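Residue numbers (the numbering used here): 120 to 499.
Heads up, the thing below is written out as structure tokens.
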Ligand SMILES: Cc1cc2nc3c(=O)[nH]c(=O)nc-3n(C[C@H](O)[C@H](O)[C@H](O)COP(=O)(O)OP(=O)(O)OC[C@H]3O[C@@H](n4cnc5c(N)ncnc54)[C@H](O)[C@@H]3O)c2cc1C
């Protein structure tokens with residue numbers, strides 16, 4: 120049986136970023152991915168926003184890793200010519216007066232989280248920078264941006280391989296068995312051939328399947344509260360290119376408490392296009408698809424009309440959809456990322472990353488640094 124330091128399950132942005140970091144530190148490692156290329160699941164079906172870290176409860180991993188990851192991503196992208204733009208963002212209070220009262224709360228929360236470049240701006244200040252949108256006031260964020268996620272993943276895959284890490288595609292992790300000195304990882308390829316690795320460390324970054332992978336290793340996911348619920352997010356694209364230029368920044372509504380997403384918002388892409396979404400609704404994880412329901416067009420347009428008054432329903436066509444791996448069910452309280460070395464429940468060297476929904480893309484380089492910190496005492 121081949122022996123390695125680390126096996127990473129899943130070549131999404133999280134697995135690749137961790138892999139690149141550990142390979143650079145000289146660890147022998149395999150990343151095992153069931154698809155024929157990286158990032159075919161959550162990582163290629165998102166808003167591609169470099170979040171600032173405004174919303175998350177202070178002291179949470181989501182807040183900390185988002186704020187740290189934001190800075191790290193800008194640096195990585197600038198140094199390595201990975202497409203990105205610091206487009207800035209406005210969270211707008213529209214016709215509901217109560218929303219205006221929420222802006223100072225968001226500002227304070229963002230500041231507590233260490234977000235720089237936040238300020239509340241008045242209606243006339245909004246009009247100066249975004250003359251075509253509707254807002255009574257807004258929270259302005261200078262550190263929000265957009266990123267070419269595909270090229271970011273390509274970069275991390277390259278760095279991983281450059282440092283002698285391996286990524287094995289078309290291979291499904293089908294078995295995990297605890298041994299006295301690590302884990303036996305069983306992998307099945309597309310032709311049905313089975314391989315076993317002996318790995319001292321297993322890193323579970325399997326996204327939508329991360330709870331199943333933990334269970335495969337023998338972890339009681341119910342007891343640990345690790346069971347994932349799937350929450351779909353759909354996007355519509357604005358086709359009328361004349362209207363793309365009417366907005367320069369990312370425009371978000373004030374979020375509602377306990378909402379499953381941030382509310383239908385407008386994001387720009389690097390080509391200058393304009394998208395609305397994602398919405399958020401829970402689906403049955405055993406029968407889901409990535410179809411975008413055209414009948415939701417009216418609701419999308421209605422939600423966005425509050426701040427984009429120039430929109431017409433005919434401007435919108437279905438775009439993509441993504442799936443959030445959520446630890447909290449509908450209307451339940453906030454749940455943080457699970458990023459843990461599971462020694463205390465009898466699985467030393469097993470690192471779980473469960474519930475890595477947004478801001479997992481933004482946080483990815485900081486997540487990798489955090490995971491490296493978790494395994495250092497074991498491998499040193
Ligand atoms: C609608 C939506 C919008 C979002 N917008 C943003 C945003 O703007 N900014 C932001 O920061 N974050 C955003 N996110 C969150 C971000 O996309 C995720 O946090 C991130 O992509 C998660 O990456 P991952 O590597 O954990 O998961 P994935 O990319 O899903 O990777 C996991 C991989 O594991 C593989 N796998 C699973 N089981 C097995 C197995 N048994 N064997 C082998 N391989 C396996 C899968 O095939 C998959 O490739 C958004 C998410 C969604 C759904």
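Glycine included, every Cβ here is placed at the ideal spot set by N, Cα and C.
Here the structure is a predicted model, which means the values were calculated and not measured.
TODO: Return the bridge partner residues of residue 260 from the DSSP annotation.
DONE: Locating residue 260 in the chain shown gives position 141, counting from the first residue. In the DSSP assignment, the residues bridged to residue 260 are 208, 237.
Task: residue 173, DSSP secondary structure in three states - done: Working through the chain shown from its first residue, we reach residue 173 at position 54. Three-state result, residue 173: coil.
TODO: Check whether the Cβ of residue 166 lies closer than 7 Å to any heavy atom of ligand 1, and answer yes or no.
DONE: The count along the chain shown starts at 1 and reaches residue 166 at position 47. For residue 166, the shortest separation between its Cβ and any heavy atom of ligand 1 lies below 7 Å.
Open item on the list: Suppose you measure from the CA of residue 322 to the CA of residue 147; what does that come to, to the nearest Å?
Closed with: Locating residue 322 in the chain shown gives position 203, counting from the first residue. Locating residue 147 in the chain shown gives position 28, counting from the first residue. Going by the C-alpha atoms only, they are around 13 Å apart.
TODO: Take the Cβ of residue 418 as the centre, count every other Cβ of all protein chains shown within 10 Å, and call the residue buried at 16 or more, exposed below.
DONE: For the purposes of this step, residue 418 is identified with residue 299 of the chain shown, where counting begins at 1. So residue 418 ends up on the exposed side.
Open item on the list: When you measure from the CB of residue 442 to every non-hydrogen atom of ligand 1, does any distance come out below 7 Å?
Closed with: Locating residue 442 in the chain shown gives position 323, counting from the first residue. Yes, the beta carbon of residue 442 sits closer than 7 Å to at least one heavy atom of ligand 1.
TODO: State the start and end residues of the unbroken beta strand (DSSP E) segment that holds residue 315.
DONE: Sequence index remark: in the chain shown, residue 315 carries index 196 (1-based). Annotation: the continuous beta strand (DSSP E) that includes residue 315 extends over 313-323.
Task: Unbroken beta strand (DSSP E) run spanning residue 199, endpoints - done: One-based indexing of the chain shown puts residue 199 at position 80. Unbroken run through residue 199: none, as it is neither H nor E.
- [ ] Identify which residue in 259, 319, 464, 359 has its Cα closest to the Cα of residue 344.
- [x] The sequence position of residue 344 within the chain shown is 225, counting from 1. That would be 464, whose Cα lies nearest to the Cα of residue 344.
TODO: To the nearest angstrom, report how far apart residue 430 and residue 188 are at their CA atoms.
DONE: Looking up residue 430 in the chain shown gives position 311. Looking up residue 188 in the chain shown gives position 69. Computed Cα separation, rounded: 34 Å.
Task: residue 352 (DSSP reduced to helix, strand or coil) - done: Working through the chain shown from its first residue, we reach residue 352 at position 233. Three-state DSSP puts residue 352 in a strand.
Task: Cα-Cα separation between residue 130 and residue 339, rounded to whole angstroms - done: As a first step, residue 130 must be located in the chain shown, where it is residue number 11. As a first step, residue 339 must be located in the chain shown, where it is residue number 220. Rounded to whole angstroms, residue 130 to residue 339 spans 24 Å at the Cα level.
Task: Heavy atom of ligand 1 within 7 Å of residue 204 beta-carbon - done: By one-based count along the chain shown, residue 204 stands at place 85. Because no heavy atom of ligand 1 lies under 7 Å away, the Cβ of residue 204 does not count as near it: no.
Task: contact_flag[the stretch 194-201, the stretch 261-273] where n(CB pairs < 8 Å) is 3 or more - done: Note that the stretch 194-201 touches the stretch 261-273; at least 3 beta-carbon pairs, one per stretch, sit closer than 8 Å.
Open item on the list: Counting beta carbon pairs with one atom in the stretch 349-362 and one in the stretch 430-439, are three or more of them shorter than 8 Å?
Closed with: Contact holds between the stretch 430-439 and the stretch 349-362, because three or more Cβ pairs, one in each stretch, are under 8 Å apart.
Open item on the list: Please give the ranges of any alpha helix (DSSP H) in the stretch 253-310, keeping only runs that are unbroken, at least 4 residues long and fully inside the region.
Closed with: Unbroken alpha helix (DSSP H) stretches of 4 residues or longer found wholly inside the stretch 253-310: 268-281, given in chain order.
Task: Residue closest to residue 472, alpha-carbon to alpha-carbon, out of 459, 478, 484, 372 - done: For this step, residue 472 is matched to residue 353 along the chain shown. Comparing Cα-Cα distances from residue 472 to each of 459, 478, 484, 372, the minimum goes to 459.
Open item on the list: Is residue 291 near ligand 1 - that is, is its Cβ less than 7 Å away from at least one heavy atom of it?
Closed with: Mapped onto the chain shown, residue 291 falls at position 172. Yes, ligand 1 has a heavy atom inside 7 Å of this Cβ.
Open item on the list: Could you check whether residue 262 and residue 182 sit closer than 8 Å to each other, using their CB atoms as the reference points?
Closed with: Taking the first residue of the chain shown as 1, we reach residue 182 at position 63. Taking the first residue of the chain shown as 1, we reach residue 262 at position 143. At a Cβ-Cβ threshold of 8 Å, residue 182 and residue 262 do not count as neighbours.
Open item on the list: Given the structure, does residue 75 come close to ligand 1, in the sense that its CB is under 7 Å from one of the ligand's heavy atoms?
Closed with: The shown model of the chain, from 120 to 499, leaves out residue 75, and the question about it has no answer.
TODO: Compare the beta carbon distance of residue 128 and residue 292 with 8 Å and say whether it is the shorter of the two.
DONE: Sequence index remark: in the chain shown, residue 128 carries index 9 (1-based). Sequence index remark: in the chain shown, residue 292 carries index 173 (1-based). It is a contact, given that the beta carbons lie within the stated cut-off.
- [ ] Rank 469, 174, 150 by C-alpha distance to the C-alpha of residue 334 and give the top, closest one.
- [x] Taking the chain shown and counting its residues from 1, one reaches residue 334 at position 215. Out of 469, 174, 150, 469 has the C-alpha closest to the C-alpha of residue 334.
Open item on the list: For residue 231, report the span of its alpha helix (DSSP H) as first-last.
Closed with: For the purposes of this step, residue 231 is taken as the residue at position 112 of the chain shown. In the DSSP assignment, residue 231 falls within the alpha helix (DSSP H) that extends over 216-231.
Open item on the list: If I measure Cβ to Cβ from residue 205 and keep anything under 6 Å in the same chain, skipping five residues before and after, which residues do I get?
Closed with: By one-based count along the chain shown, residue 205 stands at place 86. Here the set comprises 264.
Open item on the list: I'd like to confirm something about residue 170: is its beta-carbon nearer than 7 Å to some heavy atom of ligand 1, or not?
Closed with: Within the chain shown, the letter at position 51 stands for residue 170. True, at least one ligand heavy atom lies under 7 Å from that Cβ.
Open item on the list: Any contact between the stretch 401-409 and the stretch 306-314? By contact I mean 3 or more CB pairs, one from each, below 8 Å.
Closed with: Segments in contact, no.
TODO: Please name the residue in 445, 137, 122, 222 whose C-alpha comes closest to that of residue 272.
DONE: The residue given as residue 272 occupies position 153 in the chain shown. Cα-wise, what sits closest to residue 272 is 137.
Open item on the list: Rounding to the nearest angstrom, what Cα-Cα distance links residue 485 and residue 315 in this structure?
Closed with: Within the chain shown, the letter at position 366 stands for residue 485. Within the chain shown, the letter at position 196 stands for residue 315. Answer to the nearest angstrom: the Cα atoms are 30 Å apart.
Task: Range of the contiguous beta strand (DSSP E) that encloses residue 444 - done: Working through the chain shown from its first residue, we reach residue 444 at position 325. 435-445 is the extent of the beta strand (DSSP E) around residue 444.
Task: Where residue 342 falls: helix, strand or coil (DSSP) - done: Within the chain shown, the letter at position 223 stands for residue 342. In this structure, residue 342 counts as coil in the three-state DSSP scheme.
Open item on the list: Using the Cβ count rule (16 or more neighbours within 10 Å means buried), how would you classify residue 124?
Closed with: The residue you call residue 124 lines up with position 5 of the chain shown. Looking at its Cβ environment, which holds 16 or more other Cβ atoms inside 10 Å, residue 124 is buried.
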